[in-house]
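In mature numbering (1 follows the signal peptide of the UniProt record, and there is no 0), the protein residues as written are -16 to -1, 1 to 420.
Backbone N, C-alpha and C fix where the C-beta goes; we use that ideal spot for every residue, glycine too.
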């Protein structure tokens, strides 16, 4: 949107006697889509060490349609307790005192079907060493014109049959699982199953009940040669029905996010077969509580931040298996919002090099688990199944099952799994396999 148009929209809501207009560059870990323009009379309230306000973007869950946009907006404003700075039929932007932001996820979930993107100011920049490390990987990747034979050989180990077998368990085809809602007993069963699968592969596994309210996180570790620096991949294993709080409503969640869970399990299997020890330690996170506001990944990223963990990058996989039957060209999208631009500048050429038949692009979707890491100044991004908003007609519905038109295990999911393996190996680095 042009700045002039933005000003004309927001003018009724602000006293613009002394307006400062500034853009938030993508390389600084912004939480709005790039290029984002911030209009405010007091930049220091939102940016910098003395910031005391947060920009909060509340968005209608796609495909809701159960109430009018106006009614939805009024409900959101009632929960937040003030008028929006700017509102459209599907979103509302607020400027709030930062302490008030922490309670919004739960408050909104109880009243209205909405998802929250929070700019929990100040806007953070990457630490210098982290940005320099990513920049070095990016610059090296941009000069690479031929695929690495070792990465190709590892990616070719991806087995569509194993992806399907994982999905059959997760969605109740070969198990008694009805829902993976984080409040459910079935989610606990799935967490134990994940531990068993990962330990069978030889991983060190942490079973972390971070909250009494939600099912546990499961974190697998593959030690590297330098075992105090981490490349982390992950996604949420929980699912939801229309009722986000129901522990019993059927919620097979084959795509959201059974697909990412199966992908991460298959990446774990392939990496465990590596003939060489990777340079950096790999951790694989299976998060709970994403559907209730990224609870599991927030807890992990917060713990990592408190411990001073050195996380090179976090890569999320969420909704990576659906391709509309009429779409011929396969797409793999990177998340543009709540993501690190330098990291995306690595991921884009990696996918293009190792999966040249795929159209690589950006998607504007928000609110996935990579945001939890990005907001703790850890470089993060994620892969998604298409270049647009959510196209899957069964999103958050009982019909999100494995065997249906458009659910593409052999193509979309298998290809994306190979791409994530190429990404992980590019980020971790590895010694010469011929010397193993």
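Under the rule that 16 or more other beta-carbon atoms within 10 Å means buried, what is residue i, buried or exposed?
i, result
"residue 406", "buried"
"residue 113", "exposed"
"residue 373", "exposed"
"residue 124", "exposed"
"residue 66", "exposed"
"residue 72", "exposed"
"residue 409", "buried"
"residue 105", "Residue placement at residue 105 cannot be trusted, given a pLDDT of 40 that sits under 50; the coordinates are not used to answer."
"residue 52", "exposed"
"residue 13", "Reliability of the predicted coordinates at residue 13 is poor, the pLDDT of 34 falling under 50, and the value obtained from them is presented with this limitation in mind. When all chains shown are included, residue 13 counts as buried."
"residue 282", "buried"
"residue 186", "exposed"
"residue 140", "exposed"
"residue 222", "buried"
"residue 310", "exposed"
I think residue i touches residue j, with their Cβ atoms under 8 Å apart; what is that distance to the nearest whole Å?
i, j, result
"residue 272", "residue 280", "4 Å"
"residue 319", "residue 356", "The pair is not a contact, with the Cβ atoms about 13 Å apart (cut-off 8 Å)."
"residue 150", "residue 69", "So it is not a contact: roughly 44 Å between Cβ atoms."
"residue 219", "residue 301", "4 Å"
"residue 370", "residue 317", "6 Å"
"residue 199", "residue 225", "Actually they do not touch by this definition, with Cβ atoms about 16 Å apart."
"residue 306", "residue 391", "6 Å"
"residue 298", "residue 354", "6 Å"
"residue 189", "residue 412", "That pair is no contact at about 19 Å."
"residue 154", "residue 242", "4 Å"
"residue 363", "residue 110", "6 Å"
"residue 240", "residue 384", "6 Å"
"residue 217", "residue 404", "6 Å"
State the DSSP-derived secondary structure class of residue i, mapped to helix, strand or coil.
i, result
"residue 260", "coil"
"residue 153", "helix"
"residue 366", "strand"
"residue 176", "helix"
"residue 58", "helix"
"residue 197", "coil"
"residue 407", "helix"
"residue 222", "coil"
"residue 232", "coil"
"residue 375", "coil"
"residue 70", "strand"
"residue 300", "strand"
"residue 162", "coil"
"residue 305", "coil"
"residue 275", "helix"
"residue 213", "strand"
"residue 25", "Reliability of the predicted coordinates at residue 25 is poor, the pLDDT of 48 falling under 50, and no value is obtained from them."
"residue 339", "coil"
"residue 326", "helix"
Considering only the alpha carbon of each residue, which of the options lies closest to residue i?
i, options, result
"residue 325", "61, 118, 349, 77", "118"
"residue 164", "138, 65, 111, 275", "275"
"residue 259", "293, 80, 179, 137", "137"
"residue 184", "351, 398, 148, 257", "257"
"residue 262", "161, 206, 235", "206"
"residue 379", "363, 360, 287, 228", "228"
"residue 396", "344, 182, 181, 360", "344"
"residue 333", "309, 131, 159", "131"
"residue 204", "210, 239, 267, 217", "267"
"residue 212", "56, 152, 296", "296"
"residue 421", "327, 286, 347, 321", "For residue 421 there is no data in the structure shown, the boundaries of the chain being -16 and 420."
"residue 126", "255, 62, 327, 58", "327"
"residue 277", "313, 351, 208, 172", "351"
"residue 255", "287, 321, 182", "182"
"residue 358", "172, 286, 159", "286"
"residue 331", "128, 54, 57, 419", "128"
If the criterion is Cβ atoms closer than 7 Å, does the pair residue i and residue j meet it?
i, j, result
"residue 339", "residue 122", "no"
"residue 400", "residue 349", "no"
"residue 179", "residue 191", "yes"
"residue 237", "residue 304", "no"
"residue 387", "residue 144", "no"
"residue 202", "residue 175", "yes"
"residue 162", "residue 170", "yes"
"residue 142", "residue 398", "yes"
"residue 382", "residue 234", "yes"
"residue 431", "residue 246", "Nothing can be reported for residue 431: it is not among the residues displayed for the chain, which extend from -16 to 420."
"residue 360", "residue 289", "yes"
"residue 308", "residue 402", "no"
"residue 210", "residue 417", "no"
Is residue i close to the ligand HEM? I mean its beta-carbon at under 6 Å from any heavy atom of the ligand.
i, result
"residue 335", "This structure does not include the ligand HEM; it has no bound ligands of any sort."
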